[in-house]
Amino acid sequence: MSTERESVQELDVREVDGEPFGHIMDALDSVGEDEALRLVNSFEPVPLYDVLSKKGYQYDTEQVADEEWHVTIRPE
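For the sequence shown, my numbering assigns the number 19 to the initial residue and increments by one for each residue that follows.
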């Protein structure tokens with residue numbers, strides 16, 4: 019769960035040309051233990067969830083508009 023002073027980086031992959039997976043993994047590499055990454059996507063990235071779990075991340079997903087999903091990812 020989030021902490022009071024958690025730092026959140028945002029990565030919007032809606033305009034990425036091609037597969038955004040590499041961009042997401044690169045961004046996660048720069049997330050510290052007390053930080054989070056908010057992924058903004060045009061669809062719910064269900065295939066990503068298994069990868070995140072295997073790599074030791076927890077995530078919360080929220081649909082904020084018809085074609086806008088926010089996934090907040092944190093190290094476990």
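Glycine included, every Cβ here is placed at the ideal spot set by N, Cα and C. Quantities reported herein were computed from a predicted structural model and do not represent experimental measurements.
Notebook entry, point to check: Three-state secondary structure (DSSP) at residue 64?
Noted result: helix
Checklist line | Inter-residue spacing [alpha-carbon to alpha-carbon] between residue 64 and residue 50 | finding: 24 angstroms
Check: Buried or exposed: residue 26, going by 16 or more other Cβ atoms within 10 Å of its Cβ?
Finding: Under this definition residue 26 is an exposed residue.
Next item on the list: Confirm, please, whether the CB-CB distance from residue 82 to residue 57 is below 9 angstroms.
Entry: no
Next item on the list: For residue 62, I'd like the list of residues in its chain whose CB is within less than 6 angstroms of its CB, leaving aside the five on either flank, ordered along the chain.
Entry: Cβ within range, chain order: 87.
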